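Chemist: Please read through the structure below; I'll follow up with questions.
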Amino acid sequence: MPELPEVETIRLGLEERLLGALIKTIDLRDQKLTRGQVDLLTIKKLVENNYLVKFGRCGKNLLLFLSNGNILFWHLGMTGSFKISENIEEIPYLRAYLETDKGYLLYSDIRRFGKLGVIKSTNELKKGIDPLGDNYLYDNFNKLLTSNKVIKSFLLDQEKISGIGNIYADEILWKAKILPNRPANSLSTEEINRLFKTIPEVLKEAIKHRGTTISDYRDINSNPGEYSERLKVYGKEGKPCNECQGIIKKIKLGGRSSCFCSDCQK
DNA sequence: ACGTAGTCCTGACGGC
DNA sequence: TGCCGTCAGGACTACG
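Take 1 as the starting number for the first sequence in the UniProt record's numbering and just add one per residue.
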């Protein structure tokens, strides 16, 4: 579910509501959340009785910076979402929560693909270039496009560019007018330029509209994202393209469905 | 080094 | 109504 724009929307919401809050308790109801890398007692020791001094994001990871210098990273997987509440509400699929002096941060996750852990530095997260970060520079981007792997899979590879998921990969390629099955190293200079520019454009526009809701995604105030109304190709197979009236097609690439307009995209 | 398929989970939807 | 297959915003592993 949550790709970069959704995680960023959540980050902004948390900043508004929980910046400076004191964490009293962390509880994990689903032990799978840490993938066996840390036990609950250790997590508690590292996290409890700390202030939330900053909220960050790294690709699709949400980062909670603690006053003891540790960072709690939280990946929402496919269906993770947060809600802030005065009490522990027994919301469905509640998998973890933080009790703070500014309220409870409840985490629910239907499919249990979410993951969290405590790190000392963001270097510990495997990650590529964040398209909204300082390292997103043309030369760095260009250097990555050397393989013949299809461009759609390249965009989804978090170790190259981090934050793009299946929805935005399709939307970006449509806007950049590039077919999803083109080998990455076959792009012309002009196409690379277009792609380089389009990636942050689409992501920023989506953040402006507080992300995309297909079914599960909600921001921390339980509001759906409004970028769903602006999608041009994702989930639009069989419908006419906005731009040219051609019919949107759907194919599988790297095991993921990919929607595109074969007239607009070359 | 690459692509692909299987795996982890749970729920929704369509076809018969 | 019920059963079954397929699919879903992600990402890891194993295999060829």
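Quick reminder that beta carbons are idealized off the backbone N, C-alpha and C, glycines included. Source: prediction; values computed, not measured.
Is P5 helix, strand or coil by DSSP?
Modeler: It is helical.
Chemist: Determine, using beta carbons only, whether C207 and G235 come nearer to each other than 9 angstroms.
Modeler: It should be noted that the sequence gives Ile, not Cys, for residue 207. No.
Chemist: Since G117 and I161 are thought to touch, with beta carbons under 8 angstroms apart, how far apart are those beta carbons, to the nearest angstrom?
Modeler: The pair is not a contact, with the Cβ atoms about 22 angstroms apart (cut-off 8 angstroms).
Chemist: Quick check on F113: does DSSP put it in helix, strand or coil?
Modeler: For F113, the three-state secondary structure derived from DSSP is coil.
Chemist: Could you say which of T212, I164, K152 and Y168 lies nearest to L187 if we only look at CA atoms?
Modeler: K152
Chemist: To which residues of the same chain is E86 closer than 8 angstroms at the C-beta, ignoring the five residues directly before and after it?
Modeler: Taken in chain order, the residues that qualify are G103 and Y104.
Chemist: Using 9 angstroms as the threshold, is the C-beta distance between residue 282 and K250 below it?
Modeler: Outside the modelled stretch of the chain, which goes from 1 to 266, sits residue 282, for which no answer is possible.
Chemist: What do you get for K24, buried or exposed, if any count of 16 or more other CB atoms within 10 angstroms of its CB means buried?
Modeler: exposed
Chemist: For V118, which three-state DSSP category applies?
Modeler: Correct three-state label for V118: strand.
Chemist: I248: which of E171, P200, E190 and G254 sits nearest, CA to CA?
Modeler: The shortest C-alpha separation from I248 is found at E171.
Chemist: Look at D109 and G77 and say whether their C-beta atoms are less than 9 angstroms apart.
Modeler: yes
Chemist: Closest to L64 by C-alpha separation, out of L33, V38, I10 and L94, would be which residue?
Modeler: Comparing Cα positions, the closest option is I10.
Chemist: Between I192 and N142, what straight-line distance do the alpha-carbon atoms span, to the nearest angstrom?
Modeler: Roughly 7 angstroms separates the two Cα atoms.
Chemist: Have a look at K83 and N148 and give me their C-alpha separation to the nearest angstrom.
Modeler: 42 angstroms
Chemist: Take G238 and list the residues in its own chain whose beta-carbon comes closer than 6 angstroms to its own, dropping the five residues that flank it on each side.
Modeler: none
Chemist: Can you have a look at I220 and say buried or exposed, based on whether 16 or more other CB atoms are within 10 angstroms of its CB?
Modeler: buried
Chemist: Taking only three categories from DSSP, how would you classify T79?
Modeler: coil
Chemist: Helix, strand or coil: which one does DSSP assign to P131?
Modeler: In the structure shown, P131 sits in coil (DSSP, three-state: anything other than H, G, I, E or B).
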